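Numbering (UniProt numbering), first residue to last: 1 to 695. Presented below is the structure to which this report refers.
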């Protein structure tokens, strides 16, 4: 009874919940709204929405049936994972201990189109929008933007960030003009024929030199013949509706890369009216180039299910009358769909509909598609093993990421087989330069997404060091970022810099590649990775701002479009929020833009991550007078020359993945979270103290 009496007495003055102000000050709250303390202090009295349920002592017995994680579900992106009962028991917070901090990096937002219609979309951890939301949270200081406690696996509301960055139109794939030509344009055959043959041929040639390499359903000769037949008054194939729809989709995609892009919407609407959604893969490419990622995802999902329904993922029966050309067309169609669907899902942080283990058809032997399939293996590994698993420590994640990086080392040889040169080749003109740009940007962005979690994690660590008066671990050891973590962040930042550098160079020599709208995604995604590192380091403007400005200037060289404008506005908004002097100024409005180099201050927070002050010499304008996206450094933040491919970097200075590397747990770090209960969405999260300055 002696043990029960104090508990009973304590329960007499306990209330069901206390306000956040009293919790923070660790004082008694009377439970009123506003409470007595907040009335006296004239402070805002806020109660958290979800009451934390603590387990009783008798529930900690071995026979307890409560083995379900607190959120009741596992990570949704990449499928369910099998976990042992012991691991599930590990995920339960211990009695008398704060529950693990879990702030999810998945984002969701709602767009209201009318009083009776609203759209809500979700994007996962690997998406561009997730990183932008992290930056938005770091730039804001409202309590609602920084929830201190949330259930495991929570999807965060991103609407406010989308409005701040003017990024809603890309998130939802809506146009700024509600009366644009993409809505309700139904053209008849006679109206389509007002498109001059010369212009149609121009659209077709642009398609064959660009996006065709990702959708080679027909040969180039077949496309040309179909166009001739379509415009021939004596043609007998005018009634072939399906062939005409494929041709018109090719013309629509090609028109997007020209100054006559208004024809793209007209042709696309004609295909939709005549053929419904039969050719989902080409629809997806069109929507992706239009800056509508969600629509592209939906089309690819439909295309994947239609491909499975038609049995394209399996070999044809031997008794079938299928010709060799038909068999080849089946293989090409399926494998390009397989790659593109997996890649877009990885970009958006959503689960893929096509799995390699379900495929029973051999890939075509073209080196270009084989290089893409090899890249897709690493994409699947990153999605399944890195993003789709719980990990006991960050070091375990590093070993997985390093293994994926090792698999990517042979990509250079795959590219040499496909194009005749490797990753270290400068940007090339023409159609071969387009294929080069596709392979290089996809390669570097896969590396960036694989190592980006470590960049987010180090940002949290740097923030913790900056705001905490304790510079040591609980055991008294000086807190230092381990070399392997810096190396992992170096891979992410180097991939971002190389993407910016290559596309800036490419836009000068290759007009075809510059007109591909999706390249703006690679530029902005790389730019925001550098911005995130700038936001959480010290004195990094001299090294980071040149790369950010190079990315914005490369974007400014592209043809003005809504999605492109949204990306530039978002980047400029973040720069102004950090420091008004950081905003990019167009070359015509400035003489020399400095980056606040103070030689009396160290160059950065982590010395081994910052290159010396070396920069390359670049010509300011191109041959036709357009501004060149430079000058900017020829070295990444580790001092590696950008003329040297990442695959050739010396491994002598690389941190090995042996068992002697420094690892840490939540008790070592003094952080209130548990590695064993977290997936990468939790690692992505960074909750700064509300009253902490940004610089």
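Where is the CB? At the ideal position from N, CA and C, for every residue including glycine. Just so it is clear, the structure is predicted and the values come from calculations on it, not from any experiment.
Between the stretch 499 to 510 and the stretch 420 to 436 there are three or more inter-stretch CB-CB distances shorter than 8 Å, so the stretches are counted as touching. In this structure, residue 499 lies near residue 526, with their beta-carbon atoms less than 7 Å apart. Burial state of residue 383 is buried, judged by a 10 Å Cβ sphere holding 16 or more other Cβ atoms. Under the rule that a run must span 4 or more residues, the alpha helix (DSSP H) segments found entirely inside the stretch 461 to 540 read 483 to 509, 511 to 514, 519 to 535. Note on geometry: alpha-carbon atoms of residue 303 and residue 197 lie some 31 Å from one another.
Note on geometry: alpha-carbon atoms of residue 252 and residue 284 lie some 12 Å from one another. For residue 47, DSSP records no beta bridge to any residue. With a threshold of 16 other beta carbon atoms within 10 Å, residue 458 meets it and is buried. By the neighbour-count criterion, in which 16 or more other beta carbons inside 10 Å mark a residue as buried, residue 402 falls on the buried side. 454 is the residue among 409, 454, 411, 343 whose C-alpha sits nearest the C-alpha of residue 395. Of the other Cβ atoms in all chains shown, 16 or more fall within 10 Å of the Cβ of residue 330; this residue is therefore buried.
Cβ contact annotation for residue 274 (same chain, cutoff 7 Å, sequence separation greater than five): 241, 245, in chain order. Beyond the five residues adjoining it in sequence on each side, residue 22 comes within less than 6 Å, by CB distance, of 29, 37 in the same chain, given in chain order. Judged by their CB atoms, residue 583 and residue 576 are nearer to each other than the 7 Å cut-off. With contact defined as three or more Cβ pairs closer than 8 Å, the stretch 368 to 387 and the stretch 334 to 351 are in contact. Note: residue 108 is bridge-paired with 122, 157 in the DSSP secondary-structure output. Here residue 545 is buried: its Cβ has 16 or more other Cβ atoms, across all protein chains shown, within 10 Å.
DSSP, read as helix, strand or coil, puts residue 234 in coil. Under the three-state reduction of DSSP output, residue 360 falls in the strand class. Beyond the five residues adjoining it in sequence on each side, residue 136 comes within less than 8 Å, by CB distance, of 145, 158, 160, 161, 164, 165 in the same chain, given in chain order.
Of the residues assessed, residue 292 falls on the buried side of the cut-off, its CB having 16 or more other CB atoms within 10 angstroms. In this structure, 572 is the residue among 572, 586, 581 with its C-alpha nearest to the C-alpha of residue 132. At the C-beta level, residue 314 and residue 379 stay beyond 7 Å of one another. Nearest Cα to residue 537 within the set 32, 226, 466, 248: 466. Taking C-beta separations shorter than 6 Å and ignoring five residues to either side along the sequence, residue 426 has no partners in its chain. Rounded to whole angstroms, the Cβ separation of residue 405 and residue 484 is 12 Å, and the two are not in contact under 8 Å.
Counting other Cβ atoms within 10 Å of its Cβ, residue 130 reaches 16 or more and is therefore classed as buried. Within 10 angstroms of the beta-carbon of residue 32 lie fewer than 16 other beta-carbons, which makes it exposed.
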